[in-house]
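Protein chains in written order, with the numbering used here: chain L, 1 to 409; chain E, 1001 to 1411.
Here the structure is laid out as structure tokens; the discussion comes afterwards.
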């Protein structure tokens, strides 16, 4: 593995990790923008804009863009979160330069009115699709309740209303402010020629204008509110719990991810043994989600309507006992082994490696080899986790339930 | 670029076939036991029992109770995998290569000496029932399960999740009997891919598993297909449309023509994506893929759309299926080929994908295809061969299932 980096004069950072034994290569643009960077009246614009990038440039139509990707056999896509918009492609090594060139062109899109209007329908369909996925819907609603006015609670998709009223001009304005070279990273991983990638990026991206880009980054403790939403067509009770965590920049993030694993991995965790193994709930998981300047633990539980009270009592019992008795050394070892296996397996694929490489730079402006992360995870002690448990108060959570209508409701 | 992968194969004295594919670039290893206990191989009246078994056998085995077994598996850092298909119940996972031997020891206990405690049975069954109930809250998954059930001749399409009415009647005794009849090691396929020493693995497995051959695994007789159109009412935001039409099986000489045709229909810049989503904005989620069992195969398509657009979406999809045989350009074929070949190689970097691909090849074809063979076969297709296939074997007899607030009309 060889790490490479270069910064263009306008602030665009290029990074690469070359692995000549890989059979493929992956490239991605990591743009530091998402729903938390949106004002209420343009909510959903980051995600909508992600769709619009595929609609082409002044020189390329949407059809030509798709044809160009297909000629390289790329597996390509993009995703938008509360704070990042990522465009990526995995290809055979001989196509990496071509597909990188294509992405650099697409990062300066035409954003045509006609395309904007048609794509609005697709966005509306996407919003409708997620409404039919209660496991997603409950998390989104809980996030809004938890972050309670903090921008991290903004919906990624936006609402039907915000999308309906959004105008192409507002999107063009948002694009100009956020897709600045100093707010993006171009990353590559796998088998590729670094010098070739550098010259493509230099030629294509050097004219992009640097902008003053800002973001509110304050920590959020969360509202700790409790709500239940009823929907007539639902059968199961879907419960989401959120509580404050540490940020993506915080050195305690490794201990936090191990703690999340100990409490809520899908097998072998405390949630698993107390809830799933005993058939009180068919799903019960917790994950730690580090974010820019803040972070959260998020649990998803699905069970029958009759079991909800018992399930929530059990959850409180698990979290109380962590505060009182802490974790065991064996639990930490097991969690560590699981985290390390997943990390290593994921990073064996250039596409998996790309994601860690890009996010490490986005959050830390730092290159971390896999070995650095492995070491950081191995170094976490039982005491580190105990300190974190004291600081975080996981039992103090925001709770949102989504389930069938009950009598009298 | 020619691929240089090696195929390992060995048959244990009990008849279990062991397949392996070493991968130089990885430090992990993935393995799987394909047990002939899939949904279609169960006796009538216990649909879902495979799911109960898949849970129950992990609730204690050998000398270990439920908790001890779980802790032992987790302690190895095993990323567990478990799936119930039409033909097989597959258990296994991926982990750091050095831990493979102790993992195999545990899996031998799970397969040969599961605890099968009655109290644990009730919990496993309850979870299986809950999983079926949860499907009502996931119409997109449910529509595809229903579609398979309607499309494949019975019992091949039988729900891999199960039926609540049948699960409620399944007893621990009956399930034990199924397990005894179905865990036929002579018809089990073991796969391993990644970093491993094949000779050592074989020696270990020979010692772990008994040497006598077992009986069972007789072929089932196939019934007929179910209805052409099924609608399930649900007051959700979208109508979820599942649609399937018959095509050739992997052993057929036209298999690669079919794969290329489907890629033109639903690859990256495909007919479906362009016409249904890009030009008309009818859907967000739209796509078709090849789906096969050993004895039947089809093109499986999904689209989700709001009720007012559902009829137009269905007509547009069927229109694209028909239009396919009217003409395909050289350019479209070239793109489909690059896409298929590149997906093949990208997947070949993952130990888990390779372990599952070699097992499924062996079961369906009786041998493991090399990546080079697949590449060459894809390369050998042409506009003429794909169109010839589509005209002789048109994709136009559809089975349709919808879930949502509105029915559609099949013309």
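Idealized CB from N, CA, C, for every residue including glycine.
Of the candidates 1029/E, 1099/E, 1397/E, 1397/E places its Cα closest to the Cα of residue 1411/E. Annotated three-state conformation of residue 245/L is coil, per DSSP. A straight line joining the alpha-carbon of residue 1321/E with that of residue 266/L spans about 40 angstroms.
In this chain, the alpha helix (DSSP H) harbouring residue 129/L covers 113-131. Annotation: the continuous beta strand (DSSP E) that includes residue 1241/E extends over 1239-1246. Among the residues facing chain L, residue 1274/E is included, as its CB has a counterpart in that chain under 8 angstroms away. The beta carbon of residue 1210/E sits closer than 8 angstroms to those of 1014, 1112, 1185, all from its chain and outside the five residues before and after it, given in chain order.
Measuring C-alpha to C-alpha distances from residue 1125/E to each of 1163/E, 1155/E, 1265/E identifies 1163/E as the nearest. Under the DSSP assignment, residue 142/L falls in the alpha helix (DSSP H) whose first and last residues are 134-147.
For residue 158/L, same chain residues with a beta-carbon under 6 angstroms away, outside a window of 5 residues either side, are 43, 44 in chain order. Taking a cut-off of 8 angstroms on C-beta distances, the segment 353-369 of chain L does not touch the segment 233-245 of chain L, as fewer than three cross pairs fall below it. Under the three-state reduction of DSSP, residue 1402/E is assigned to strand.
In terms of CA proximity to residue 1331/E, 1264/E leads the group 1057/E, 1284/E, 1264/E. Contact annotation: residue 50/L and residue 204/L have beta-carbon atoms that are not nearer than 8 angstroms. With a beta-carbon spacing of about 6 angstroms, residue 1179/E and residue 1053/E fall inside the 8 angstroms limit used to define contacts. The Cβ neighbour count for residue 1223/E, taken over all protein chains shown within 10 Å, is under 16; the residue is labelled exposed.
According to the DSSP assignment, residue 400/L belongs to the beta strand (DSSP E) that extends over 398-403. Under the three-state reduction of DSSP output, residue 251/L falls in the coil class, being neither helix nor strand.
Taking 3 residues as the minimum length, the beta strand (DSSP E) runs contained wholly in the segment 262-322 of chain L are 281-290, 295-303, in order along the chain. Between residue 82/L and residue 142/L, the CB-CB gap reaches or exceeds 8 angstroms. Residue nearest to residue 162/L within the set 305/L, 39/L, 15/L is 39/L (criterion: CA-CA distance). Residue pairing of residue 228/L in beta bridges, as defined by DSSP: 401/L. In summary, residue 144/L is buried, with 16 or more beta-carbon neighbours lying within 10 Å of its beta-carbon over all protein chains present. Taking 8 angstroms as the cut-off, the Cβ atoms of residue 197/L and residue 100/L count as close.
Of the residues 193/L, 247/L, 210/L, the one whose Cα lies closest to the Cα of residue 219/L is 247/L.
If you draw a straight line from the Cα of residue 114/L to the Cα of residue 186/L, it comes to about 29 angstroms.
Residue range 1008-1011 is occupied by the beta strand (DSSP E) that includes residue 1008/E. Sequence-distant Cβ neighbours of residue 300/L in its own chain, meaning closer than 6 angstroms and more than five residues away, are 240, 285. Apart from the 5 residues on each side of it in sequence, residue 334/L sits with its Cβ closer than 7 angstroms to the Cβ of 268 in its chain, given in chain order.
Contact between residue 1033/E and residue 1090/E is confirmed by a C-beta separation of about 7 angstroms, below the 8 angstroms threshold. Along the length of the segment 1300-1385 of chain E, whole beta strand (DSSP E) runs at least 3 residues long do not occur.
The alpha-carbon separation between residue 1377/E and residue 328/L amounts to approximately 55 angstroms. Counting along the chain, the unbroken alpha helix (DSSP H) around residue 1198/E starts and ends at 1198-1208.
Going by C-alpha positions, residue 374/L is about 44 angstroms away from residue 404/L. Taking CB atoms only, residue 325/L has no neighbour in chain E less than 8 angstroms away.
In terms of CA proximity to residue 214/L, 292/L leads the group 107/L, 292/L, 78/L, 311/L.
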